[in-house]
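The structure under discussion appears below in the form of structure tokens.
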Amino acid sequence: MEPPLANLPSTILRLADLANRRATTFVVVPSAEENRQIAAHLDLRSLRKLRFAGEIAPLGDADWTLTATLGASVTQDCVVTLDPVNTRIDEVVTRTYAANLADPDDPEVEMPEDDTVEPLPANVDVAAVMIEALSLSLPAFPRAAGADLGDAQFAEPGVDAMTDDDAKPFAGLAALRDSLTDKSGGKG
Numbered sequence: 754m755e756p757p758l759a760n761l762p763s764t765i766l767r768l769a770d771l772a773n774r775r776a777t778t779f780v781v782v783p784s785a786e787e788n789r790q791i792a793a794h795l796d797l798r799s800l801r802k803l804r805f806a807g808e809i810a811p812l813g814d815a816d817w818t819l820t821a822t823l824g825a826s827v828t829q830d831c832v833v834t835l836d837p838v839n840t841r842i843d844e845v846v847t848r849t850y851a852a853n854l855a856d857p858d859d860p861e862v863e864m865p866e867d868d869t870v871e872p873l874p875a876n877v878d879v880a881a882v883m884i885e886a887l888s889l890s891l892p893a894f895p896r897a898a899g900a901d902l903g904d905a906q907f908a909e910p911g912v913d914a915m916t917d918d919d920a921k922p923f924a925g926l927a928a929l930r931d932s933l934t935d936k937s938g939g940k941g
């Protein structure tokens, strides 16, 4: 599957063509149709006001760093009611492209603590970075105001369902205490 916006030539930055002493700025503002494609790709109800602006700059002799701001208004389905949930996303996105980063597929490689560091590519598709950052910024479980799942209990027929109180560590001791109190006639 071809990623959304892959056909926009202005979103691909070939690092060999960039100035190696100063930052190169970029702005990606998808059209309404491209927003619909991205929304479908990310399983959103709608996507509006998507904007990704920043710069890619040399870092040392061979590395590069991308810093940008991501802004978007998204509408998702509520996980409880399926009603629309609107969210405004404003995020700072940072990626470091390192020339000497170990191949992550190597069985002996240690993953860096900084999850914004990636192997140095020949080209950086800023639209792909934008879509990835948007995907990571979306609420995982959007809820409409006042949406509540309630108290769901499931059990086989004839068996009492376990409640949250039953799962508490001292619930069994409390039940034992209550049964002993009942047997002794209220004397404890």
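Every position in the sequence shown, counted from 1, becomes a number in my numbering once 753 is added.
Here a beta-carbon is modelled for each residue, glycine too, at the ideal position from N, C-alpha and C.
From a predicted model like this one, the values you see are computed outputs, not experimental measurements.
Close-in-space but distant-in-sequence residues of the same chain around valine 870 (CB under 7 Å, 5 per side omitted): Excluding sequence positions up to five before and after valine 870, its CB lies within less than 7 Å of the CB of Thr849, Ala851, Leu854, all in the same chain and listed in chain order.
Distance CB(leucine 823)-CB(glutamate 808) smaller than 8 Å: No, Cβ-Cβ distance for leucine 823 and glutamate 808 is not below 8 Å.
Reduced DSSP category for glutamate 885 - H, G, I as helix; E, B as strand; rest coil: DSSP, read as helix, strand or coil, puts glutamate 885 in helix.
Beta-carbon proximity check, isoleucine 765 vs aspartate 878, cutoff 8 Å: In this structure, isoleucine 765 lies near aspartate 878, with their beta-carbon atoms less than 8 Å apart.
Three-state secondary structure (DSSP) of glycine 911: Here glycine 911 sits in coil by DSSP.
The region 766 to 785 / the region 799 to 817 touching (three or more Cβ pairs under 8 Å): Output reads yes: the region 799 to 817 touches the region 766 to 785.
Backbone CA spacing between alanine 881 and isoleucine 791 [nearest angstrom]: Using only the alpha carbons, I get a separation of about 10 Å.
Cutoff 6 Å; reference asparagine 876; Cβ partners in own chain excluding five residues on either side: Scanning its chain for C-beta atoms nearer than 6 Å, with the 5 sequence neighbours on each side dropped, one finds around asparagine 876 the residues Ile765, Arg767, in chain order.
Residue interval of the beta strand (DSSP E) (run including arginine 789): Segment 785 to 794 is the alpha helix (DSSP H) holding arginine 789; no beta strand (DSSP E) there.
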